[in-house]
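Enquirer:
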Amino acid sequence: MGCGTRPICPLQSPQDVNGGRQRGLRKGKSNRRRKAPLFCRRTMVSPNLNRALTNTRFSDLNPALSDPVLDALKEGGFDYCTPVQAATIPLLCGYKDVAVDAATGSGETLAFVVPLVEILRRVSPAPKPQQVLGIIISPTRELSSQIYHVAKLFIATLSNLKSLLLVGGGDVKADVKKIEEDGANLLIGTPSRLHDIMERVDDLDFRNLEVLILDEADRLLDMGFQKQLNAIISRLPKLRRTGLFSATQTEAVQELAKAGLRNPVRAEVRAEMKSLGDLGSSQHSASSKTPSGLHLEYFECEADKKPSELVDLLVKNKSRKTIIYFMTCACVDYWGVVLPQLSVLKGLSLISLHGKMKQNAREKALAKFTSLTSGVLLCTDVDARGLDILGVDYIVQYDPPQDPNVFIHRVGRTARLGRQGHGIVFYYLREEAYVEFLRIRRVPLEERKSIDDAPDVVSQVFVSVLKKLNN
Ligand SMILES: Nc1ncnc2c1ncn2[C@@H]1O[C@H](COP(=O)(O)OP(=O)(O)OP(=O)(O)O)[C@@H](O)[C@H]1O
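Numbered according to the UniProt record's numbering, the sequence shown terminates at residue 471, and the numbering increases by one at each position without gaps.
1. Between the alpha carbons of Thr-82 and Gly-421, how many angstroms are there, rounded?
2. Tell me whether Phe-225, by its Cβ, gets closer than 6 Å to a heavy atom of ligand 1.
3. For Thr-82, is the beta carbon positioned less than 6 Å from some heavy atom of ligand 1?
4. Under the assumption that Leu-164 contacts Ile-179 (Cβ atoms under 8 Å), give the Cβ distance between them as a whole number of angstroms.
5. Is Thr-104 close to ligand 1? I mean its beta-carbon at under 6 Å from any heavy atom of the ligand.
6. Run the CB neighbour count on Glu-75, radius 10 Å, all protein chains shown included, and call it buried at 16 or more, exposed below.
7. For Ala-247, is the classification buried or exposed, using 16 other Cβ atoms within 10 angstroms of its Cβ as the cut-off for buried?
8. Sorry if obvious, but does the Cβ on Ile-54 come closer than 6 Å to a heavy atom of ligand 1?
9. Between the Cα of Ala-86 and those of Asn-317, Gly-189 and Leu-65, spot the shortest distance and give me the residue it belongs to.
10. Could you name each continuous alpha helix (DSSP H) segment of 4 residues or more that falls completely within the stretch 173 to 230, going from the start of the chain to the end?
11. Beta-carbon of Ala-126 versus every beta-carbon of chain D: anything under 7 Å?
12. Leu-161 lies in the alpha helix (DSSP H); which residues open and close that run?
13. Got a sec? Which residues, its chain only, sit under 8 Å from Ser-371 by beta carbon, not counting five neighbours each side?
14. Whose C-beta lies closer than 6 Å to the C-beta of residue 544 among residues of the same chain, with five residues either side of it excluded?
15. With DSSP collapsed to three states, give me the class of Phe-369.
16. Go ahead and pull the three-state DSSP assignment for Phe-326.
17. Start and end of the alpha helix (DSSP H) containing Asp-71?
18. Report the residue from Asn-263, Thr-380, Leu-314 and Leu-342 whose alpha carbon sits nearest the alpha carbon of Met-327.
19. Rank Ser-292, Leu-221, Glu-210 and Ile-136 by C-alpha distance to the C-alpha of Leu-239 and give the top, closest one.
20. Determine the burial state of Leu-296: buried for a count of at least 16 other Cβ atoms within 10 Å of its Cβ, exposed for fewer.
21. Cβ of residue 479 versus every heavy atom of ligand 1: is any distance shorter than 6 Å?
22. With DSSP as the reference, label Phe-39 as helix, strand or coil.
23. Using 6 Å as the cut-off, classify the Cβ of Ala-247 as near or not near the heavy atoms of ligand 1, replying yes or no.
24. Please report how far the alpha carbon of Asn-470 lies from the alpha carbon of Lys-177, in whole angstroms.
25. Buried or exposed for Gln-22, please, with buried defined as at least 16 other CB atoms from any protein chain shown within 10 angstroms of its CB.
26. Mind checking whether the beta-carbon of Glu-108 lies closer than 6 Å to any heavy atom of ligand 1?
27. Do three or more CB pairs link the stretch 297 to 308 to the stretch 431 to 448 at distances below 8 Å?
28. Output the distance between the C-alpha atoms of Leu-79 and Arg-57, rounded to the nearest integer angstrom.
29. Considering only the beta carbon of each residue, do Gln-250 and Asp-218 sit closer than 7 Å?
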């Protein structure tokens, strides 16, 4: 990528966590119980969580953050920076482009929202309604919406600045009308809708754009948005700051960094890897692609036993908040019909989510799952990346993904920011190479020895499918 790598600040030690002051607790008005936004969880800081934080307070950063941004951080319950925040915020605020490679759940959203807002605070005079000063691009509607909700707290510190969420699923003409009537200075959205809007609204003026953020850059490229990204970037001034965030580095991401960033500083943040006895020494690496609080297992299973093993797993983990990943939307629909009919799963909340559902059904499903303390989300990779869902503690990959990067993003929905979490991937006999492949990619897995004899539910599954077909 042709850029220097920035050393990342040391993590806060457990002594710091438990000693004297209890760090990170909200004081004064920020102790008020706030209505939790859809995707964002605010909790008291636990020692576990604290291990994911550095000793650097937001108020210690150099260049210094403005008082309103510091107040907003306090209000949100954020006192100490995560490593990626401590590394990235000063760089962006100090007029550097950054290419960030960080483990999932490490706090990347604030790592770009805070400097972006800080930079926009410095803009004077106030922008005209159609002058776009900042753009945040992310691959999915859900992720853009989540970023928009997180950013709101900070955008509120900017008077006279309009922000707009631009994602598919709604009427594009309504977005156009909104821009024409109210203006839009900060755009947060998916590449297709952003590009569409840029084509439709001639009056939007990008000449003074200050910051471009590309979040989940690898996913943006995997999903085939290269063309839209190129078209968007070609409309933007070269003298801007760009932040590129990606939990996995691919050649395509590096190409994008070359094309879109100017002399970027590269910030890499990795979790320390747990030592696993059975890891071959050649694969043993000092850092892992996955969070350190994540316990990952693989489970070798014959094809005809897989449904029974899945049901058994769900029965045994009824009190957990679980996400199950399937290969296709049709698989989600199938299991979304079958599982609720099994008597052993009675009382368990089972929610389906995939990309072929209507937008409002997607939003409802996600909001419902977010609000639960235990339950199961059946989904495809529409939810593999970026989403910060309240309290997920178990990730089941019923269908393993081909791409190890997808694996990393899926399991990243749990064990976020120093918390604990579990993941299991099912695979068929003679697929051991898959596990080896993941280990080489710095994903540590342990074998789960055959769970006792799972009761056979296959016949019940057939009955429930037939029942459904006959209705
Ligand atoms: N400095 C902080 N102090 C306390 N909590 C934080 C801090 N920064 C982020 N968090 C919380 O950590 C969680 C993960 O943050 P975020 O969603 O930004 O991670 P991410 O790196 O973008 O993850 P992914 O790679 O999966 O997209 C969120 O619930 C967020 O509110």
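Glycine included, every Cβ here is placed at the ideal spot set by N, Cα and C. These figures come from a predicted structure and were not determined experimentally.
Expert: If we stick to the structure as given:
1. 19 Å
2. Distances from the CB of Phe-225 to the heavy atoms of ligand 1 are all 6 Å or more.
3. yes
4. 7 Å
5. yes
6. buried
7. buried
8. Here the sequence assigns Thr to residue 54, which means Ile is not the residue at that position. No, the beta carbon of Thr-54 sits no closer than 6 Å to any heavy atom of ligand 1.
9. Leu-65
10. 191 to 200 and 217 to 222, all fully within the stretch 173 to 230.
11. The chain inventory of the structure shown lacks chain D, comprising one protein chain alone.
12. Looking at the DSSP string, Leu-161 is not in any alpha helix (DSSP H), and its letter there is neither H nor E.
13. Leu-390
14. A question about residue 544 goes unanswered here, because the residues of the chain that appear run from 1 up to 471.
15. If DSSP states are grouped into helix, strand and coil, Phe-369 belongs with the helices.
16. Secondary structure at Phe-326: coil, using DSSP grouped into helix, strand and coil.
17. 67 to 75
18. Thr-380
19. Glu-210
20. Buried: at least 16 other Cβ atoms inside 10 Å.
21. Outside the shown range of the chain (1 to 471) lies residue 479, about which nothing can therefore be said.
22. Confidence in Phe-39 is poor, its pLDDT being 32 and thus under 50, which makes the residue's placement too unreliable to answer from.
23. yes
24. 47 Å
25. Annotation note: pLDDT 30 at Gln-22 (below 50); position unreliable, no value reported.
26. yes
27. yes
28. Just to set this straight, residue 79 is Asp in the shown sequence, not Leu. If you take the alpha carbons of Asp-79 and Arg-57, they lie about 6 Å apart.
29. One detail in the question is off: residue 250 reads as Thr in this sequence, not Gln. Less than 7 Å separates the beta-carbon of Thr-250 from that of Asp-218.
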